[in-house]
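Q: One structure follows; several queries about it will come next.
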Amino acid sequence: MEVRFADLGVCLEGAAGATLLEIAEAGGVPIEAACGGFAGCNTCRVLVLEGELSPCEAVEEPFLDRPGQRLACQALLVGPVTVRLDPGA
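Okay, here's the thing in structure tokens:
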């Protein structure tokens, strides 16, 4: 399935059930994950522009500032999606 990083002009293919972070790392997209992908920070935030991901996990909620934001380490691919990087501090 297609994963488009709109702000970077990058389009990758990813398998259903893979996290956005896994797909990005495999495709060379520079997503920072200070916690190593364990939902312990907010550096891997993305904003979903189009498409759908797995439902938001409760562990993500403290790190999200607005609707459409997700942690790339927790968001599972369920179909084609377009996102942009939206890292926290």
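Okay, so the sequence shown: first residue is 322 according to the working numbering, each after it adds one.
Even glycine gets a Cβ: it sits at the ideal position worked out from N, Cα and C.
Small disclaimer: the values here were computed from a predicted structure and weren't measured.
#1: Would you mind sorting Arg387 into buried or exposed? The rule is 16 or more other CB atoms within 10 Å of its CB.
#2: Please confirm if the segment 342 to 362 is in contact with the segment 388 to 401, defined as three or more CB-CB distances below 8 Å between the two stretches.
#3: What did DSSP end up calling Pro388 once you bin it into helix, strand or coil?
#4: Can you give, in chain order, each stretch of the alpha helix (DSSP H) that sits fully within the segment 325 to 403 and has at least 4 residues?
#5: Which residue wins for smallest C-alpha separation from Pro383, given the options Leu406, Cys332, Gly361?
#6: Expressed to the nearest angstrom, what Euclidean distance is found between the alpha-carbon atoms of Val324 and Leu385?
#7: Measure from the alpha carbon of Ala421 to the alpha carbon of each residue in Asp328, Met322, Gly330, then state which is nearest.
A: On the basis of the data shown:
#1: For the purposes of this step, residue 387 is taken as the residue at position 66 of the sequence shown. Looking at its Cβ environment, which holds fewer than 16 other Cβ atoms inside 10 Å, Arg387 is exposed.
#2: Cβ pair count under 8 Å is three or more, so yes.
#3: Here residue 388 is taken as the residue at index 67 of the sequence shown, counted from 1. When DSSP states are grouped into helix, strand and coil, Pro388 belongs to the coil group.
#4: For the alpha helix (DSSP H) assignment, the uninterrupted runs of no fewer than 4 residues enclosed by the segment 325 to 403 are, from N- to C-terminal side, 341 to 347.
#5: Mapped onto the sequence shown, residue 383 falls at position 62. Minimum Cα distance to Pro383 is reached at Gly361.
#6: As a position in the sequence shown, residue 324 is number 3, starting the count at 1. As a position in the sequence shown, residue 385 is number 64, starting the count at 1. Between Val324 and Leu385, the C-alpha separation is close to 21 Å.
#7: Residue numbering for the chain in the displayed model covers 322 to 410; residue 421 lies beyond these limits and cannot be assessed.
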